[in-house]
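*Asks:* To convert, count from 1 in the sequence shown and add 161; that's the numbering used here.
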Amino acid sequence: MSFYRLLDVLAARKDPHGLSGDVLVNGAPRPANFKCNSGYVVQDDVVMGTLTVRENLQFSVALRLPTTTTNHEKNERINKVIEELGLSKVADSKVMMSKQGRTIIFSIHQPRYSIFKLFDSLALLASGELMFHGPAQEALGYFESADYHWEPYNNPADFFLNVINGDSSAVVLNRKKEKPVIEKLAEFYTSSSFCRDTKAELDQLSGDQKKKRSSAFREITYVTSFCHQLRWITKRSFKNLLGNPQASIAQILVTTILALVIGAIYFGLSIDSIGIQNRAGVLFFLTINQCFSSVSAMELFVVEKKLFIHEYISGYYRVSSYFFGKLFSDLLPMRLLPSVIFTCILYFMIGLKAQADAFFIMMFTLIMVAYAASSMGLAIAAGQSVVSVATLFMTISFVFMMALQYNEFLGQNFCPGFSTTENEFAICTGEAHLTNQGIDLSPWGLWKDHVSRIVKVTGMDAVNVSSSSWGCLYGPDFPGNQTSQQLGGKMIMCNNRMIVPDVCGV
Numbered sequence: 162m163s164f165y166r167l168l169d170v171l172a173a174r175k176d177p178h179g180l181s182g183d184v185l186v187n188g189a190p191r192p193a194n195f196k197c198n199s200g201y202v203v204q205d206d207v208v209m210g211t212l213t214v215r216e217n218l219q220f221s222v223a224l225r226l227p228t229t230t231t232n233h234e235k236n237e238r239i240n241k242v243i244e245e246l247g248l249s250k251v252a253d254s255k256v257m258m259s260k261q262g263r264t265i266i267f268s269i270h271q272p273r274y275s276i277f278k279l280f281d282s283l284a285l286l287a288s289g290e291l292m293f294h295g296p297a298q299e300a301l302g303y304f305e306s307a308d309y310h311w312e313p314y315n316n317p318a319d320f321f322l323n324v325i326n327g328d329s330s331a332v333v334l335n336r337k338k339e340k341p342v343i344e345k346l347a348e349f350y351t352s353s354s355f356c357r358d359t360k361a362e363l364d365q366l367s368g369d370q371k372k373k374r375s376s377a378f379r380e381i382t383y384v385t386s387f388c389h390q391l392r393w394i395t396k397r398s399f400k401n402l403l404g405n406p407q408a409s410i411a412q413i414l415v416t417t418i419l420a421l422v423i424g425a426i427y428f429g430l431s432i433d434s435i436g437i438q439n440r441a442g443v444l445f446f447l448t449i450n451q452c453f454s455s456v457s458a459m460e461l462f463v464v465e466k467k468l469f470i471h472e473y474i475s476g477y478y479r480v481s482s483y484f485f486g487k488l489f490s491d492l493l494p495m496r497l498l499p500s501v502i503f504t505c506i507l508y509f510m511i512g513l514k515a516q517a518d519a520f521f522i523m524m525f526t527l528i529m530v531a532y533a534a535s536s537m538g539l540a541i542a543a544g545q546s547v548v549s550v551a552t553l554f555m556t557i558s559f560v561f562m563m564a565l566q567y568n569e570f571l572g573q574n575f576c577p578g579f580s581t582t583e584n585e586f587a588i589c590t591g592e593a594h595l596t597n598q599g600i601d602l603s604p605w606g607l608w609k610d611h612v613s614r615i616v617k618v619t620g621m622d623a624v625n626v627s628s629s630s631w632g633c634l635y636g637p638d639f640p641g642n643q644t645s646q647q648l649g650g651k652m653i654m655c656n657n658r659m660i661v662p663d664v665c666g667v
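#1: Whole angstroms is fine: what's the gap from TYR477's alpha carbon to HIS178's?
#2: For LEU419 and ILE541, I'd like the C-alpha separation in whole angstroms.
#3: What are the start and end residues of the beta strand (DSSP E) that includes SER282?
#4: Quick one: Cα of ASN236 to Cα of SER275, how far?
#5: Please classify PHE462 as buried or exposed, where buried requires at least 16 neighbouring CB atoms within 10 angstroms.
#6: Distance check for PHE446 and GLY436, CA to CA, integer angstroms please.
#7: On a Cα-Cα basis, can you pick out the residue from GLN451, PHE484 and PHE321 that is closest to LYS466?
#8: If we count the other Cβ atoms within 10 Å of its Cβ and call it buried at 16 or more, is ALA377 buried or exposed?
#9: Have a look at LYS487, LEU539, ARG174 and ALA193 and flag the residue whose alpha-carbon is nearest the alpha-carbon of GLN390.
#10: For TYR350, is the classification buried or exposed, using 16 other Cβ atoms within 10 angstroms of its Cβ as the cut-off for buried?
#11: Since TYR427 contacts ILE506 with CB under 8 Å, what's their CB separation in whole angstroms?
#12: Going by beta-carbon coordinates alone, are ALA297 and LEU283 separated by less than 8 Å?
#13: Check the C-beta distance from MET292 over to ALA223 and give it rounded, since I have them as a contact under 8 Å.
#14: Assign ASP491 to one of two classes, buried (16 or more other C-beta atoms within 10 Å of its C-beta) or exposed (fewer than that).
#15: Determine the extent of the alpha helix (DSSP H) in which HIS389 is found, giving its start and end residues.
#16: The beta strand (DSSP E) spanning MET292 covers which residue range?
#17: Quick check on this structure: which residue in MET209, ASN198 and VAL202 has the alpha carbon closest to the alpha carbon of LEU468?
#18: For GLU472, is the classification buried or exposed, using 16 other Cβ atoms within 10 angstroms of its Cβ as the cut-off for buried?
#19: Are the CB atoms of PHE387 and ARG238 within a distance shorter than 8 Å?
#20: Helix, strand or coil for ALA193 per DSSP?
#21: With H, G and I counted as helix, E and B as strand and the rest as coil, what does DSSP make of VAL207?
#22: Around the C-beta of LYS360, are 16 or more other C-beta atoms found within 10 angstroms, so that it is buried, or is it exposed?
#23: What is the rounded straight-line gap between the Cα of SER181 and the Cα of VAL170?
#24: By the DSSP assignment, the alpha helix (DSSP H) with GLN219 in it spans what residues?
#25: Let me make sure I understand the geometry here. Which of ARG397, ASN315, SER306 and PRO341 has the alpha-carbon closest to that of PHE355?
#26: DSSP state of VAL186, grouped into three classes?
#27: Can you tell me whether ASP169 is helix, strand or coil according to DSSP?
#28: Closer than 7 Å by C-beta to VAL384: which residues in its own chain qualify, once you throw out the five before and the five after it? Chain order, please.
#29: Using the C-alpha atoms, what's the distance from THR526 back to SER457?
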């Protein structure tokens with residue numbers, strides 16, 4: 162077990178499953194909310210880069226101190242921490258903290274002597290074996306008794322490290338028929354008085370303090386409520402968003418430009434046979450755009466995963482508070498606003514159905530597609546470290562384009578003045594086109610189609626038929642002087658033109 166993993170277990174930041182023994186704090190069982198009442202300094206800085214030092218401390222204080230603490234007391238605590246860390250050296254601050262009744266446990270590889278002389282208790286680990294545990298100032302005498310002699314003016318920490326690694330001259334002189342250094346020191350410590358004293362102290366402490374180790378990790382008592390945590394997480398996320406406006410402004414700008422370009426390409430769709438092809442094409446493109454414009458949401462959890470893990474296991478907040486805070490502050494504005502802008506520009510430029518309900522249905526559907534794509538990306542990104550993996554599954558969101566077809570084609574007549582009763586093969590209405598695509602028009606049928614197409618993604622081929630596979634044939638004999646002929650599939654007869662779809666196996 163590495164030094165950092167050992168500290169994680171001692172600080173209740175790792176599940177101790179598979180480990181044996183008890184963790185006692187000053188002779189008493191470690192409380193369930195120990196990680197909420199203790200501090201843990203990691204090797205790398207884990208803070209929000211867009212916030213100031215004071216703002217990061219305010220976030221920590223707001224979530225780790227009880228809500229009964231006044232703002233004045235919180236500000237005093239923040240100012241005190243800033244003063245301690247800003248005006249004092251590392252060694253001096255540790256002395257000051259120990260005088261204030263704080264217990265400090267940390268792992269260090271090779272401390273300088275000015276730090277080593279501050280140690281009260283020292284534990285040396287190597288390859289999972291305990292080399293020494295006892296008063297730090299008695300460690301040199303212990304190694305002397307093991308026939309490892311310390312050279313004057315040598316840093317004791319360097320000496321211990323050299324002995325354990327086999328680099329010391331004392332080790333070279335004692336290599337004749339000797340066991341490996343680590344094995345020898347482990348056996349020597351097991352038979353030493355330091356080991357016997359430690360075991361006796363542990364037996365005395367654990368006599369009346371048995372507890373369930375499983376509950377110590379799972380039962381966490383947060384000092385703040387869910388709503389309090391949600392408010393501060395949302396507040397910090399908005400500050401982070403405002404501190405990095407390039408991403409949000411760029412997304413809105415690109416959305417506006419793209420909507421204008423698409424609107425210019427499909428400007429003023431006509432109500433005829435060509436309109437069917439253009440509508441299916443633009444609806445297909447709208448869905449693709451909504452899916453892939455939501456890829457940026459996948460970076461949300463990947464980029465902040467390290468920060469989230471550190472703050473969560475330190476007892477800052479619940480997982481639910483963090484999740485909903487991110488939804489309110491990032492996903493909702495960053496997915497909702499671009500979808501609204503996209504719909505408002507495109508809908509009227511393209512000239513879709515001039516009905517209020519159809520407009521809002523399309524806007525709602527595009528928003529839901531963006532949310533579905535973002536949610537799928539977040540679900541995948543939560544367990545991945547690489548964003549590109551999530552893009553492989555984004556195409557599943559294409560199934561929601563069926564809702565756009567349902568909204569736009571329902572109630573449309575693409576054969577004005579022509580009676581469909583004269584020919585059983587004629588398809589002139591939007592309902593007939595949707596039925597020909599295999600879409601159930603009943604209230605439950607729309608959602609049933611969505612579910613079935615999630616399982617069978619090949620059902621999306623039906624959309625490709627309507628978007629790109631219509632051809633036009635002129636016939637000399639149509640009803641009224643004409644006869645109809647079925648060529649490879651059902652025919653649409655509009656204004657003396659017969660349009661035959663390439664059904665592609667549908």
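Note that beta-carbon positions come from the ideal geometry of N, C-alpha and C, so glycine has one too.
*Replies:* So, from the listed chains and residues:
#1: TYR477 and HIS178: Cα-Cα distance of roughly 23 Å.
#2: Each residue's Cα considered, the two are about 27 Å apart.
#3: SER282 -> beta strand (DSSP E) spans 282-287.
#4: Rounded to the nearest angstrom, the two C-alpha atoms are 32 Å apart.
#5: It counts as buried.
#6: Computed Cα separation, rounded: 15 Å.
#7: The shortest CA-to-CA distance from LYS466 to any of GLN451, PHE484 and PHE321 is the one to PHE484.
#8: The predicted position of ALA377 is uncertain, since its pLDDT is 47 and thus under 50; a value taken from the coordinates is nonetheless stated next. Buried is the call here.
#9: Considering only alpha carbons, the answer is LYS487.
#10: Flag for TYR350 reads buried.
#11: The pair is not a contact, with the Cβ atoms about 12 Å apart (cut-off 8 Å).
#12: Contact flag set, yes.
#13: 43 Å between Cβ atoms; not a contact.
#14: So ASP491 ends up on the buried side.
#15: 387-404 is the extent of the alpha helix (DSSP H) around HIS389.
#16: Boundaries of the beta strand (DSSP E) harbouring MET292: 290-296, taken from the DSSP string.
#17: Ranking the options by Cα distance to LEU468, first place goes to MET209.
#18: By the neighbour-count rule (16 or more Cβ atoms within 10 Å), GLU472 is buried.
#19: It is not a contact, given that the beta carbons lie outside the stated cut-off.
#20: Here ALA193 sits in coil by DSSP.
#21: It is coil, neither helix nor strand.
#22: Counting Cβ neighbours within 10 Å, LYS360 comes out exposed, since fewer than 16 surround it.
#23: Approximately 11 Å between the Cα atoms of the pair.
#24: 214-225 is the extent of the alpha helix (DSSP H) around GLN219.
#25: It is SER306.
#26: The three-state reading of DSSP puts VAL186 in strand, counting E and B together.
#27: Assigned with DSSP and collapsed to three states, ASP169 falls in helix.
#28: The beta carbon of VAL384 is closer than 7 Å to those of CYS197, ARG225, LEU226 and PRO227 in its chain, skipping five residues each way along the sequence.
#29: Answer to the nearest angstrom: the Cα atoms are 20 Å apart.
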